[in-house]
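Undergrad:
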Amino acid sequence: MPGSRPAAKKRLHKLGTLSCISVITNKKIGTGLFSSPSIIFKYFGAIIMLSGLLIHLEYALKLPFRNGGEKNYLLRVFRRPKGLFGCVYAFQIVFLGFRSGNSFAFGKYLWYAISGNQADDNDWPSKLIGVGCIKFCAGLQIKRSNQGTTLFNFLGMFKILILLLIIAIGLFVAVGLIKLPPSVPVPVFPTQSSPYSVAVALLQVVYSFKGWENVNYVLQELEDPYGALTFIALISVLQVTVLYLIGVVSYLIVIPKQELLSSGVLVAGIFFNKVFGEYITSRLLPILISFLTLGNVMVVSFAHSHVNKELAHENYLPSSQYFDDINKLLILHWFVTVFILVAPPSAEIYEFVVNLYIYPGTWINLALTIGIIYLKINSDQENWNRHSLLLGAIFSIQNSSTTVLWAGRSRCKSRWVEDHLCI
5 MPGSRPAAKK
15 RLHKLGTLSC
25 ISVITNKKIG
35 TGLFSSPSII
45 FKYFGAIIML
55 SGLLIHLEYA
65 LKLPFRNGGE
75 KNYLLRVFRR
85 PKGLFGCVYA
95 FQIVFLGFRS
105 GNSFAFGKYL
115 WYAISGNQAD
125 DNDWPSKLIG
135 VGCIKFCAGL
145 QIKRSNQGTT
155 LFNFLGMFKI
165 LILLLIIAIG
175 LFVAVGLIKL
185 PPSVPVPVFP
195 TQSSPYSVAV
205 ALLQVVYSFK
215 GWENVNYVLQ
225 ELEDPYGALT
235 FIALISVLQV
245 TVLYLIGVVS
255 YLIVIPKQEL
265 LSSGVLVAGI
275 FFNKVFGEYI
285 TSRLLPILIS
295 FLTLGNVMVV
305 SFAHSHVNKE
315 LAHENYLPSS
325 QYFDDINKLL
335 ILHWFVTVFI
345 LVAPPSAEIY
355 EFVVNLYIYP
365 GTWINLALTI
375 GIIYLKINSD
385 QENWNRHSLL
395 LGAIFSIQNS
405 STTVLWAGRS
415 RCKSRWVEDH
425 LCI
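Just so you know, the sequence shown maps onto residues 5 to 427 in this note's numbering.
Written out as structure tokens, the structure reads:
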């Protein structure tokens, strides 16, 4: 039939309840908790993220269950100029939807566990390990997709156990069951607040709480899309968010504030060293955390490749017929991730890739919230349910304030980041 899609190679099994939970959990519990609470503990983003989740659920439940997530929602609202928002989203998800930050953190933690060094002048060992991480994830999905699903299911559940361990340690320290050695004073450097620094904080809150949208990308791969959206997704996000916030409190209990502020990517390693000292446990746990970031890289590679396949079906990618193959799209995702991972200087790479990944996504979220408000106001013409505008207003205010503040005067610490990223 004209316009029909060519036959595609199917997975042997649809994703069940456990896999659906893991798709969300693996993305939500990435390196955000283990790497950037120095920003998060100032700005609790749980309410904002819950608003985002419910907006995505409203879109998903109102429209046909298809892979693609935000692509479907943008095309539903912004039909003119034809194809414009599809092209914008294709650029954002293909070229900016990389996993370089988590791949780099995987390499950083694994190298830290092996060598005991928190940093290196050029940090090429961490980069090379990160390249191996994304290569393994893409290769496993290409060669053994069902075994890949089994692995990220295991990692998703194991992430929750590690998070519970962090919470338990914080509780034991707070009640005095675990005694910490005296902390070495950390020099206090004067800091200045600016609209730019507030915007960066908000961006990193989004990065740390993201993941609620991941299941929307692969609805056609689920056994029960309706049940996944109405129950599993909501419960998974609420559960992880509560554990997440308590985990940040545990960091604050164990690590002095000034040391936490300067901890960077290796905060979890510092946390366990404070409790257990320089013994095998303090080396073992960073290894575990590095493999938990592997779960994040796996599920995002899996989900984004299916979104890219939808974009190829609708001719939003160059040579769309060539890319109408999930394996080729996994290779494309691998290539972009590796390029972003090895190109910037290592000293700034984590902050760079986090902000480069999140900021364009913030514009997409702003467009979606404007769209949901438009649909509700024009509910009769658009055949849309007219409910409260509160969630859309909250999410819209957060996204618009972030984009405006980012455009203010920047205070980048790095000349390279100033030249290449800051506006």
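Using N, Cα and C, we set each Cβ at its ideal position, and we do this for glycine too.
Whole alpha helix (DSSP H) runs in the stretch 61-116 with 4 or more residues, listed along the chain?
TA: Here the runs fully enclosed are 74-81, 88-99.
Undergrad: Helix, strand or coil for His424? Go by DSSP, reduced to three states.
TA: The count along the sequence shown starts at 1 and reaches residue 424 at position 420. A caution first: His424 carries a pLDDT of 35, below 50, which makes its placement in the model too unreliable to give a value.
Undergrad: First and last residue of the alpha helix (DSSP H) that includes Trp128?
TA: For the purposes of this step, residue 128 is identified with residue 124 of the sequence shown, where counting begins at 1. Trp128 -> alpha helix (DSSP H) spans 128-147.
Undergrad: Under 8 Å, do His317 and Tyr221 count as touching if we go by C-beta distance?
TA: As a first step, residue 317 is located in the sequence shown; it is residue number 313 there, counting from the start. As a first step, residue 221 is located in the sequence shown; it is residue number 217 there, counting from the start. For His317 and Tyr221, no; Cβs fall outside 8 Å.
Undergrad: How would you call Ile170, buried or exposed, if buried means at least 16 neighbouring beta carbons within 10 angstroms?
TA: Within the sequence shown, numbered from 1, the residue matching residue 170 stands at position 166. Buried, since its Cβ has 16 or more Cβ neighbours within 10 Å.
Undergrad: Given a threshold of 16 other Cβ atoms within 10 Å of its Cβ, counted over all protein chains shown, does Pro290 qualify as buried or as exposed?
TA: Taking the sequence shown and counting its residues from 1, one reaches residue 290 at position 286. Pro290 should be labelled buried.
Undergrad: With distances taken from CA atoms, which of Arg83, Arg103, Leu159 is nearest Ser23?
TA: Position 19 of the sequence shown, counted from the start, is the residue given in the question as residue 23. With distances taken between Cα atoms, Ser23 lies closest to Leu159.
Undergrad: So, does the stretch 358-377 touch the stretch 72-80, judging by three or more C-beta pairs under 8 Å?
TA: Yes, the stretch 358-377 is in contact with the stretch 72-80.
Undergrad: Nearest-angstrom Cα distance between Ile166 and Glu314?
TA: Taking the first residue of the sequence shown as 1, we reach residue 166 at position 162. Taking the first residue of the sequence shown as 1, we reach residue 314 at position 310. Rounded to the nearest angstrom, the two C-alpha atoms are 35 Å apart.
Undergrad: Assess contact between the stretch 214-229 and the stretch 60-75, defined as three or more Cβ pairs (one per stretch) separated by less than 8 Å. Is contact present?
TA: Cβ pair count under 8 Å is three or more, so yes.
Undergrad: Thinking C-beta only, is Ile173 closer than 8 Å to Ile182?
TA: Position 178 of the sequence shown, counted from the first residue, corresponds to residue 182. Position 169 of the sequence shown, counted from the first residue, corresponds to residue 173. Yes.
Undergrad: For the alpha helix (DSSP H) that Ala237 lies in, which residues bound it at each end?
TA: Counting from 1 along the sequence shown, the entry for residue 237 is found at position 233. Looking at the DSSP string, the run of the alpha helix (DSSP H) that includes Ala237 is 237-258.
Undergrad: Under the rule that 16 or more other beta-carbon atoms within 10 Å means buried, what is Asn106, buried or exposed?
TA: If you number the sequence shown from 1, residue 106 lands on position 102. With 16 or more other Cβ atoms within 10 Å, it is buried.
Undergrad: The alpha helix (DSSP H) that contains Trp216, what's its start and end?
TA: Position 212 of the sequence shown, counted from the first residue, corresponds to residue 216. From DSSP, Trp216 is part of no alpha helix (DSSP H); its letter is neither H nor E.
Undergrad: With DSSP collapsed to three states, give me the class of Leu226.
TA: Working through the sequence shown from its first residue, we reach residue 226 at position 222. Looking at Leu226 - three-state DSSP - the assignment turns out to be strand.
Undergrad: So, with DSSP's three-state summary, where would you put Leu19?
TA: Here residue 19 is taken as the residue at index 15 of the sequence shown, counted from 1. Strand at Leu19.
Undergrad: Using a Cβ distance threshold of 8 Å, determine whether the stretch 97-106 contacts the stretch 294-305, with at least three qualifying pairs required.
TA: Yes, they touch.
Undergrad: Going by DSSP, what residue range makes up the alpha helix (DSSP H) through Lys332?
TA: Position 328 of the sequence shown, counted from the start, is the residue given in the question as residue 332. 330-346 is the extent of the alpha helix (DSSP H) around Lys332.
Undergrad: Buried or exposed: which applies to Lys86, given that a residue is buried once 16 or more other Cβ atoms fall within 10 Å of its Cβ?
TA: Against the sequence shown, residue 86 aligns to sequence position 82. Per the 10 Å Cβ criterion, exposed.
Undergrad: Nearest to Ser294 by CA position, among Tyr113, Phe82, Lys31, is which residue?
TA: Within the sequence shown, the letter at position 290 stands for residue 294. Considering only alpha carbons, the answer is Tyr113.
Undergrad: Out of curiosity, what's the CA-to-CA distance linking Val241 and Met161?
TA: One-based indexing of the sequence shown puts residue 241 at position 237. One-based indexing of the sequence shown puts residue 161 at position 157. If you take the alpha carbons of Val241 and Met161, they lie about 14 Å apart.
Undergrad: Could you please give the first and the last residue of the uninterrupted alpha helix (DSSP H) stretch that includes Glu386?
TA: Here residue 386 is taken as the residue at index 382 of the sequence shown, counted from 1. Where Glu386 is concerned, the enclosing alpha helix (DSSP H) stretches over 383-386.
Undergrad: According to DSSP, is Lys163 helix, strand or coil?
TA: The count along the sequence shown starts at 1 and reaches residue 163 at position 159. Lys163 falls in the helix class under three-state DSSP.
Undergrad: Going by CA-CA distance only, name the one from Thr245, Ala237, Ile274, Val246 that's closest to Tyr255.
TA: Here residue 255 refers to the residue found at position 251 of the sequence shown. Of the candidates Thr245, Ala237, Ile274, Val246, the one whose C-alpha sits nearest the C-alpha of Tyr255 is Ile274.
Undergrad: Is the CB-CB distance between Val219 and Ile28 below 8 Å?
TA: Residue mapping note: residue 219 aligns to position 215 of the sequence shown, counting from 1. Residue mapping note: residue 28 aligns to position 24 of the sequence shown, counting from 1. Result yes, Cβ atoms of Val219 and Ile28 sit closer than 8 Å.
Undergrad: Near Ala117, what residues of its chain come up, given a Cβ to Cβ distance below 6 Å and the 5 sequence neighbours on each side ignored?
TA: Reading the sequence shown from its first residue, position 113 is the one you call residue 117. Same-chain partners within the cutoff: Arg287, Pro290, Ile291.
Undergrad: With distances taken Cα to Cα, identify the nearest neighbour of Trp216 among Thr341, Gln151, Ile25, Val271.
TA: Numbered from its first residue, the sequence shown carries residue 216 at position 212. Cα-wise, what sits closest to Trp216 is Ile25.
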